[in-house]
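Okay, structure first, notes after.
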Amino acid sequence: MPTWLKHNWYSIYWGGKYRPGFFTPGSFSGVNNTSAQRYIANLVAYLDAHQYSVVGVIPIVEPVQWEEKGTGLSLHCTTGFYSILERREQIDEETYSKRMGLVYLSEEIEAAKQYIKNAPQQLDEIDITAIHEMTGVKSLSEIFTLMSQELSVEERKGLFKQTYVIDIASIITYGAYLTFKTPEEAEEALAGIRKLGAAVMQQYRDIVQRYGECAAFLKTAGIPDEEIPPLKGRLENT
33 MPTWLKHNWY
43 SIYWGGKYRP
53 GFFTPGSFSG
63 VNNTSAQRYI
73 ANLVAYLDAH
83 QYSVVGVIPI
93 VEPVQWEEKG
103 TGLSLHCTTG
113 FYSILERREQ
123 IDEETYSKRM
133 GLVYLSEEIE
143 AAKQYIKNAP
153 QQLDEIDITA
163 IHEMTGVKSL
173 SEIFTLMSQE
183 LSVEERKGLF
193 KQTYVIDIAS
203 IITYGAYLTF
213 KTPEEAEEAL
223 AGIRKLGAAV
233 MQQYRDIVQR
243 YGECAAFLKT
253 AGIPDEEIPP
263 LKGRLENT
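With the numbering used here applied, the sequence shown closes on residue 270, and no number is skipped along the way.
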């Protein structure tokens with residue numbers, strides 16, 4: 033029969049050493065034996081109630097720091113320990129399969145939540161430097177507008193010469209007005225613009241598509257709509 037393992041941890045802090053400072057004019061080291069015994073008794077009661085055994089102990093010998101809900105916290109007590117706990121349970125194959133299914137589902141849910149959380153940053157990090165330098169576009173929305181137009185090379189005749197133009201300025205507010213001496217140069221530049229724009233928009237579509245897949249999966253897994261935020265930075269009509 034399979035053995036199902038569950039691990040947990042339990043921490044105890046029962047004293048600390050303080051040095052002189054503005055709020056502590058004297059120094060002292062406190063290890064209250066009565067408190068320590070009470071904390072140990074609570075640990076034993078927790079072990080009995082949840083059928084855990086102690087498989088490891090990590091002494092606390094320096095200030096502890098951690099993050100909780102985006103806030104950095106610290107504990108300066110340096111007397112105590114972390115207990116690594118384990119529970120073993122003999123189960124049948126059917127129960128094992130059901131539990132593993134829930135484990136995989138939980139992992140997929142967490143992965144989907146993490147992707148949705150990171151998706152706006154991924155949109156912000158799409159590199160538009162190359163196409164910006166060629167055309168003057170400054171954002172994904174401008175690239176989308178540019179790629180939605182039928183760009184072409186225009187031949188314009190002047191008094192003494194003729195030029196070949198890609199008129200981006202009439203499409204994008206701060207777009208460039210590109211001129212070339214030969215039609216070949218203009219067509220080559222136009223092909224480069226289309227290639228760069230297509231690559232950027234493909235990155236955008238991939239992120240949006242993956243976001244949509246994750247959102248749909250979370251809904252089918254029973255996650256409320258209010259816990260699935262809309263994708264910040266997503267363009268309209270895409």
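Every residue gets a Cβ at the ideal spot worked out from N, C-alpha and C, and that includes glycine.
Buried versus exposed call for residue i [16 or more other C-beta atoms within 10 Å across all chains shown]
i: Ile90; result: exposed
i: Met33; result: exposed
i: Glu125; result: exposed
i: Val76; result: exposed
i: Ala81; result: exposed
i: Ile160; result: buried
i: Val169; result: buried
i: Met233; result: buried
i: Ile204; result: buried
i: Ser115; result: buried
i: Leu191; result: exposed
i: Leu172; result: buried
i: Tyr136; result: exposed
Endpoints, the alpha helix (DSSP H) within which residue i is located
i: Leu228; result: 215-252
i: Thr167; result: 161-167
i: Asp80; result: 65-82
i: Thr177; result: 172-179
Residue i, enclosing beta strand (DSSP E) - first and last residue
i: Gly88; result: 85-91
i: Leu210; result: 209-212
i: Glu140; result: Counting along the chain, Glu140 falls outside any beta strand (DSSP E), though it belongs to the alpha helix (DSSP H) covering 125-156.
i: Glu186; result: 186-189
i: Asp257; result: From DSSP, Asp257 is part of no beta strand (DSSP E); its letter is neither H nor E.
i: Leu117; result: 111-122
i: Tyr196; result: 194-199
Nonlocal neighbours in the same chain, by C-beta distance under 7 Å from residue i, ignoring five residues either side
i: Ile198; result: Leu183, Val185, Leu210, Ala218, Ala221, Leu222
i: Gly229; result: Ile163, Ile175, Leu178, Met179
i: Gly207; result: Thr167, Gly168, Val169, Ile200, Ala201
i: Tyr42; result: Leu75, Tyr78, Ser115, Leu117
i: Glu259; result: none
i: Val240; result: Leu263, Arg266, Thr270
i: Asn40; result: Tyr84, Leu117
Same chain, Cβ closer than 6 Å to residue i, five either side skipped, listed in chain order
i: Gly112; result: Ile44, Tyr45, Trp46, Ile92
i: Gly265; result: Pro152, Leu155
i: Arg119; result: Lys38, Gln83, Tyr84
i: Val87; result: Ile116, Glu118
i: Cys246; result: Ala144, Tyr147, Ile148
i: Gln181; result: Ile203
i: Leu263; result: Ala151, Tyr243
is_contact[residue i, chain C] using C-beta, thresh 8 Å
i: Leu137; result: As a matter of chain content, chain C is missing from the structure shown, which is built from one protein chain.
Chain-order list of residues whose beta-carbon lies under 8 Å from that of residue i (same chain, five-residue window excluded)
i: Lys213; result: Thr195, Tyr196
Next item on the list: Assess, as a yes-or-no matter, whether the segment 142-156 is touched by the segment 246-255 under the definition of 3 or more beta carbon pairs within less than 8 Å.
Entry: yes
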